[in-house]
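Enquirer: First the structure, which I've put down as structure tokens, then a few questions once you've had a look.
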Amino acid sequence: MYQPGLKGIVAAQTAISHIDGEKGLLIYRGHDVRTLTGRCSFEEAAYLLWYGRMPSTEESNHLGEELKTKRTLSEPMLDVLTHLPENMDPMSVLRTVLSAEGGSEYGWKPTLDQAVRITALIPTIIAYRERHLKGAAFIKPHDELGHVSNYLYMLTGMEPERAVSQALETYMILTMEHGMNASTFSARVTASTESDLISSVISAIGTMKGPLHGGAPTGVIALLEEIGTEENAESVIRNKISQGGKLMGFGHRIYKTRDPRATALKEKLLEFHGENEELDLAISIEDIAVKLLEELKPGRGLYTNVEYYAASIMRAIHLPDHLFTPTFTAARAVGWTAHVLEQSENNTIFRPQSDYIGSLV
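Here the sequence shown stands for residues 13 to 373, where the numbers follow the working numbering.
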């Protein structure tokens, strides 16, 4: 039976995550993701996906230290990074520099230690490349900062304010895993040949680079910039909907109700109400937009998706558009490596068939 894009075809069994689009659920290892963001750090959520259970305080601290010790680039990686063409896009840079990590120690089977190393390296590569393009000195990782805060620190040289750091951490927890998406499938296909973990992650990065999968939410950013202030929100949104335009950041291909990731992000941002104008504005605009969608498009069930709040957070931390997909990648590396480790435990090579539709001799 031919299914374009393998839509609806079950290609693997997994204990890592589950998505229920009708009920608006995203489950990590048996935990509703909305319960994790209120009580988990990035490190703890990563531990859950890698090990299958929540860590103790000691285990969480140990993983945090492991991420810290593994986030320094090797000399060969630095050499590659500094000699790449300036016009190379950041995802291609990430793919190329990470290839320089793939030494003989990476082989079959993949290990958790390798997964931690790859996850630790990606933010450093992104930050170092951004600094290099600006002609600025590299900022070494901060030994006292966690995974997400350190990423922001290496980009700017300043310790981030609490609101934006925790907002970004929440976003990265919510996007570190999302079932058998295109990039995760790509990673598992590569792993199924008994290739190494670096190659699997690089396959996933190449897939994530495509605008149909990991593209930046430029439409949402444009909408927020067009609205500008809360006073303009109703007139701009009403006009867009009345003219038949698509309201970027609302509605989702999988979730037929509220995107649980958007709900969790909003709850986190409400904790910091009054601390950041950009984040406060995003919440106000969402409330106005949802009411107008219910009025003008009744019964459609159009709610905020994760891209809406992702764009809001990126604006609040002044992250340039070209770093959105790499930052998404820095989070999703946890999910990719968890899937490759799972694939290796009960491996069967992926060998789908194709229907020949050409002419016969």
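Ideal Cβ placement from N, Cα and C applies to all residues, glycine included. Computed from a predicted model, the values in this text were never measured in an experiment.
(1) Rounded to whole angstroms, what's the CA-CA distance from residue 345 to residue 135? Just pull it up for me.
(2) With distances taken from CA atoms, which of 271, 143, 69, 177 is nearest residue 32?
(3) Report the partner residues of residue 18 according to the DSSP bridge assignment.
(4) Would you call the segment 66-75 in contact with the segment 291-309, where contact means no fewer than 3 C-beta pairs closer than 8 Å?
(5) With 16 other CB atoms within 10 Å as the buried threshold, where does residue 155 fall?
(6) Taking 7 Å as the limit between beta carbons, can you name the residues of its chain near residue 313, skipping five residues before and five after?
(7) When you compare only the Cα positions, how much space is there between residue 274 and residue 165?
(8) Could you check which residue in 358, 347, 342, 330 has the C-alpha nearest to that of residue 173?
(9) Could you check whether residue 234 and residue 215 sit closer than 9 Å to each other, using their CB atoms as the reference points?
(10) Which partner residues does residue 31 have in the DSSP bridge list?
(11) Among all the DSSP beta bridges, which residues are the ones paired with residue 262?
(12) Report yes or no: do the segment 172-189 and the segment 47-54 share at least 3 C-beta pairs separated by less than 8 Å?
(13) Have a look at residue 39 and residue 88 and give me their C-alpha separation to the nearest angstrom.
(14) Between residue 301 and residue 262, how many whole angstroms is the CB-CB distance? I'm expecting something under 8 Å.
(15) Where in the segment 117-198 do unbroken runs of the alpha helix (DSSP H), each at least 4 residues long, occur, reported from the N-terminal end onward?
(16) Classify residue 8: buried if its beta carbon has 16 or more other beta carbons within 10 angstroms, exposed otherwise.
(17) Provide the residue span of the alpha helix (DSSP H) that contains residue 351, from first to last.
(18) Using a Cβ-Cβ cut-off of 7 Å (strictly less than) and excluding sequence neighbours within five positions of residue 403, which residues of its own chain qualify?
(19) Taking a contact to mean a Cβ-Cβ separation below 9 Å, would you say residue 49 touches residue 258 in this structure?
(20) Am I right that residue 143 and residue 151 are in contact with their C-beta atoms under 8 Å? What's the rounded C-beta distance?
(21) Going by Cα to Cα distance, which pick from 287, 109, 355, 226 is closest to residue 319?
(22) On the premise that residue 122 lies in contact with residue 209, defined as a C-beta separation below 8 Å, what is that separation, rounded to the nearest angstrom?
(23) Run through the segment 202-237 for me and flag every whole alpha helix (DSSP H) of 4 or more residues, listed as ranges in chain order.
(24) I'd like the span of the alpha helix (DSSP H) that includes residue 91, first residue to last.
(25) Going straight from the alpha carbon of residue 297 to that of residue 245, what length do you get?
(26) What's the gap between the Cα of residue 157 and the Cα of residue 201?
(27) I think residue 290 touches residue 327, with their Cβ atoms under 8 Å apart; what is that distance to the nearest whole Å?
(28) Looking at C-alpha atoms only, which residue of 252, 125, 217, 213 is the closest neighbour of residue 101?
(29) Note down the Cα distance separating residue 368 from residue 355, rounded to an integer number of angstroms.
(30) Taking all protein chains shown into account, decide if residue 347 is buried (16 or more other Cβ within 10 angstroms of its Cβ) or exposed.
(31) Apply the 10 Å Cβ neighbour rule to residue 126 and answer buried if 16 or more other Cβ atoms are within range, or exposed otherwise.
(32) Can you have a look at residue 213 and say buried or exposed, based on whether 16 or more other CB atoms are within 10 angstroms of its CB?
(33) In this structure, how does DSSP classify residue 43 when only helix, strand and coil are distinguished?
(34) Answer yes or no: do residue 62 and residue 349 have a C-beta to C-beta separation smaller than 9 Å?
(35) Taking only three categories from DSSP, how would you classify residue 297?
Expert: With the structure as the only source:
(1) Working through the sequence shown from its first residue, we reach residue 345 at position 333. Working through the sequence shown from its first residue, we reach residue 135 at position 123. Cα to Cα, the separation comes out at about 10 Å.
(2) Taking the sequence shown and counting its residues from 1, one reaches residue 32 at position 20. Closest by alpha carbon: 271.
(3) Here residue 18 refers to the residue found at position 6 of the sequence shown. In the DSSP output, where bridge partners are listed per residue, residue 18 has none listed.
(4) With the cut-off at 8 Å, the segment 66-75 and the segment 291-309 do not touch.
(5) For this step, residue 155 is matched to residue 143 along the sequence shown. With fewer than 16 other Cβ atoms within 10 Å, it is exposed.
(6) Taking the first residue of the sequence shown as 1, we reach residue 313 at position 301. So the list reads 268, 269, once near-sequence residues are dropped.
(7) Position 262 of the sequence shown, counting from 1, holds the residue named residue 274. Position 153 of the sequence shown, counting from 1, holds the residue named residue 165. Residue 274 and residue 165 have their C-alpha atoms roughly 25 Å apart.
(8) Residue mapping note: residue 173 aligns to position 161 of the sequence shown, counting from 1. With distances taken between Cα atoms, residue 173 lies closest to 330.
(9) Residue numbering aside, residue 215 sits at position 203 when the sequence shown is read from its first letter. Residue numbering aside, residue 234 sits at position 222 when the sequence shown is read from its first letter. Contact: no.
(10) Numbered from its first residue, the sequence shown carries residue 31 at position 19. Residue 31 is bridged by DSSP to 38.
(11) Numbered from its first residue, the sequence shown carries residue 262 at position 250. Beta bridge pairing from DSSP links residue 262 with 316.
(12) Under the 8 Å Cβ criterion, the segment 172-189 counts as touching the segment 47-54, having at least three qualifying pairs.
(13) Translated into positions along the sequence shown, residue 39 becomes position 27. Translated into positions along the sequence shown, residue 88 becomes position 76. Approximately 39 Å, taken between the alpha carbons.
(14) For the purposes of this step, residue 301 is taken as residue 289 along the sequence shown, with counting starting at 1. For the purposes of this step, residue 262 is taken as residue 250 along the sequence shown, with counting starting at 1. Indeed, because the Cβ distance is near 6 Å, the residues count as touching under 8 Å.
(15) 124-145, 159-168, 174-186
(16) In the structure as shown, the chain begins at 13 and stops at 373. Residue 8 is therefore absent and cannot be evaluated.
(17) As a working note, residue 351 is residue 339 in the sequence shown. Note, residue 351: alpha helix (DSSP H), 336-357.
(18) Look at the range of the chain in this structure, 13 to 373, and you will see that residue 403 is not part of it.
(19) Within the sequence shown, numbered from 1, the residue matching residue 49 stands at position 37. Within the sequence shown, numbered from 1, the residue matching residue 258 stands at position 246. The answer is no: Cβ separation not under 9 Å.
(20) Position 131 of the sequence shown holds residue 143. Position 139 of the sequence shown holds residue 151. Their Cβ separation, rounded to whole angstroms, is 7 Å, which keeps residue 143 and residue 151 in contact under 8 Å.
(21) What you label residue 319 is simply residue 307 of the sequence shown in a count that begins at 1. The option with the nearest alpha carbon to residue 319 is 226.
(22) For the purposes of this step, residue 209 is taken as the residue at position 197 of the sequence shown. For the purposes of this step, residue 122 is taken as the residue at position 110 of the sequence shown. About 4 Å separates the two Cβ atoms, so the contact holds.
(23) 209-220, 223-226
(24) Looking up residue 91 in the sequence shown gives position 79. 87-95 is the span of the alpha helix (DSSP H), which, as asked, contains residue 91.
(25) Mapped onto the sequence shown, residue 297 falls at position 285. Mapped onto the sequence shown, residue 245 falls at position 233. Looking at the two C-alpha atoms, the distance is approximately 6 Å.
(26) Residue mapping note: residue 157 aligns to position 145 of the sequence shown, counting from 1. Residue mapping note: residue 201 aligns to position 189 of the sequence shown, counting from 1. C-alpha separation (whole angstroms): 35 Å.
(27) In the sequence shown, residue 290 corresponds to position 278, counting from 1. In the sequence shown, residue 327 corresponds to position 315, counting from 1. That pair is a contact at about 5 Å.
(28) For the purposes of this step, residue 101 is taken as residue 89 along the sequence shown, with counting starting at 1. Ranking 252, 125, 217, 213 by CA distance to the CA of residue 101 puts 217 first.
(29) Within the sequence shown, residue 368 is the residue found at index 356, counting from 1. Within the sequence shown, residue 355 is the residue found at index 343, counting from 1. Distance between the alpha carbons of residue 368 and residue 355: 29 Å.
(30) Locating residue 347 in the sequence shown gives position 335, counting from the first residue. That one is buried.
(31) To locate residue 126, count along the sequence shown from 1; it is residue 114. That one is buried.
(32) Taking the first residue of the sequence shown as position 1, residue 213 is located at position 201. Result: buried.
(33) Counting from one through the sequence shown, the residue named residue 43 turns up at place 31. Strand, per DSSP.
(34) The residue given as residue 62 occupies position 50 in the sequence shown. The residue given as residue 349 occupies position 337 in the sequence shown. Yes, Cβ-Cβ distance for residue 62 and residue 349 is below 9 Å.
(35) For the purposes of this step, residue 297 is taken as the residue at position 285 of the sequence shown. Residue 297: helix per DSSP, three-state reduction.
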